[in-house]
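Engineer: Pasting a structure below so you can have a look.
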């Protein structure tokens, strides 16, 4: 079976198409022409899912007013991922083989005019069964002697989903609005706060996810069956995000701390804490240890299976409840990740970097099969050439 890369990769911090349209694109610290490359290997334990990714990025400063940025990514994915079914006895992790590739690109034009910088983005992502087109515009306005910045913008994404077993493509779209402010507190400290509101509409199911139910056909006799999951056709999402960056000149180090609060109309609520320390060593080396903790509640319609639940999953009406899903990504769970990145300044114009990250997920409801939650190692090698 072929499955969508984005569907599989949602829980991990791998560069994804939608990340380009979240208004938090990490721009280079130097506004100069440059070319960057990255290679990444995401490997889940027990050989479950592997994703190999190649990235290419470039920026060209056209003049004092305009800069152009290009980004491209190629992913190849293979392995097996949970379908959501728990088998006839309710304790089996059913896996489905996946093989797919994804090609995506983003064009970003920055326009600086007075105290404002306006960015326009167009993004495109193509898989065997998934096509996505995105558009965004956002603005940064600096004032108070450039110590205060107001950020705001909007993005729109239009998706088509068409697995081989669909008679015709399904569609979904999303609209995001963003507003934020950042403030320089002193020469060594910057704080930021932003808010994002999103609305998703259309086909929001994962077409490859199933849910199990033992159906009583005669008194005391049950027939094991599987049915596709059924989610609402609308999702409203709110995200609050806070960040503090602090430089400590006495130790030549800096800290970057994030907190993120998320809730949505599906009943999912989450908290994310992210910590990174940048340590300069000599003239050439920088070390960046990191730690991230994530914790979420379950969606209102999450069930490990439908045994003992008064729901008939075999003739649902689109967009009408009852809703149900056994997708572990909607379960009550938590994740931790920790890692180390090493950056080496080769010549002043060329830098190289290597990072390793360990990602661990576990359930918190006591009923979802624990093996459904993946652990993984993520290796990344990259470089930047400034010219």
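Numbering (the working numbering), first residue to last: 200 to 586. Don't be surprised by glycine CBs; every beta carbon is placed ideally from N, CA and C.
Do you know how far the Cα of residue 397 is from the Cα of residue 365?
Structural biologist: Each residue's Cα considered, the two are about 28 Å apart.
Engineer: If I measure Cβ to Cβ from residue 521 and keep anything under 6 Å in the same chain, skipping five residues before and after, which residues do I get?
Structural biologist: If we look at residue 521 and ignore the five residues flanking it on each side, its Cβ neighbours are 510.
Engineer: Give every residue of the same chain whose Cβ lies closer than 7 Å to the Cβ of residue 571, excluding the five residues on either side of it in the sequence, and list them in chain order.
Structural biologist: Within the same chain, residue 571 has close Cβ partners 281, 292, 527.
Engineer: Considering only C-alpha positions, which residue in the set 487, 515, 558, 358 is nearest to residue 543?
Structural biologist: Out of 487, 515, 558, 358, 487 has the C-alpha closest to the C-alpha of residue 543.
Engineer: Is residue 433 helix, strand or coil when you go by DSSP?
Structural biologist: Three-state result, residue 433: strand.
Engineer: Use the C-beta contact count for residue 482: other C-beta atoms within 10 angstroms, 16 or more gives buried, fewer gives exposed.
Structural biologist: Classification for residue 482: exposed.
Engineer: Helix or strand or just coil, what does DSSP make of residue 535?
Structural biologist: It is a strand residue.
Engineer: To the nearest angstrom, how far is it from the Cα of residue 496 to the Cα of residue 260?
Structural biologist: Going by the C-alpha atoms only, they are around 45 Å apart.
Engineer: To the nearest angstrom, report how far apart residue 299 and residue 262 are at their CA atoms.
Structural biologist: Between residue 299 and residue 262, the C-alpha separation is close to 40 Å.
Engineer: Would you give the residue range spanned by the beta strand (DSSP E) that residue 247 belongs to?
Structural biologist: Run containing residue 247: none; DSSP gives neither H nor E here.
Engineer: Please name the residue in 577, 552, 472 whose C-alpha comes closest to that of residue 440.
Structural biologist: Here the closest residue by C-alpha is 472.
Engineer: With H, G and I counted as helix, E and B as strand and the rest as coil, what does DSSP make of residue 375?
Structural biologist: Residue 375 falls in the strand class under three-state DSSP.
Engineer: Taking its Cβ as the centre, do 16 or more other Cβ atoms sit within 10 Å of residue 346, making it buried, or is it exposed?
Structural biologist: The residue in question, residue 346, is exposed, as its Cβ has fewer than 16 Cβ neighbours within 10 Å.
Engineer: So what's residue 528 in DSSP terms, helix, strand or just coil?
Structural biologist: Residue state, collapsed to three classes: helix.
Engineer: Look up residue 332 in the DSSP assignment and give the residues it is bridged to.
Structural biologist: DSSP lists 323, 357 as partners of residue 332.
Engineer: For residue 388, would you say it is in contact with chain B, using Cβ-to-Cβ distances shorter than 8 Å as the test?
Structural biologist: Given the protein chain composition of this structure (a single chain), no chain B is represented.
Engineer: Who are the Cβ neighbours of residue 414 in its own chain at under 6 Å, not counting the five residues just before and after it?
Structural biologist: So the qualifying residues of the chain are 422, 424.
Engineer: Assuming contact is defined by CB atoms lying nearer than 8 Å, are residue 442 and residue 380 in contact in what I supplied?
Structural biologist: Against a cut-off of 8 Å, the Cβ pair of residue 380 and residue 442 comes out as no contact.
Engineer: Answer with buried or exposed for residue 484, where buried requires no fewer than 16 other C-beta atoms within 10 angstroms of its C-beta.
Structural biologist: Under this definition residue 484 is an exposed residue.
Engineer: Exposed or buried, which one is residue 225 when buried takes at least 16 other CB atoms within 10 Å?
Structural biologist: Its pLDDT being 36, under 50, residue 225 is placed unreliably by the model, and the measurement read from it follows with that caveat. Answer is exposed; the Cβ neighbour count stays below 16.
Engineer: Compute the distance between the beta-carbons of residue 258 and residue 266, then report whether it is under 8 Å.
Structural biologist: It is a contact, given that the beta carbons lie within the stated cut-off.
Engineer: Would the beta-carbon of residue 501 fall within 8 Å of that of residue 533?
Structural biologist: No, the Cβ-Cβ distance between residue 501 and residue 533 is not below 8 Å.
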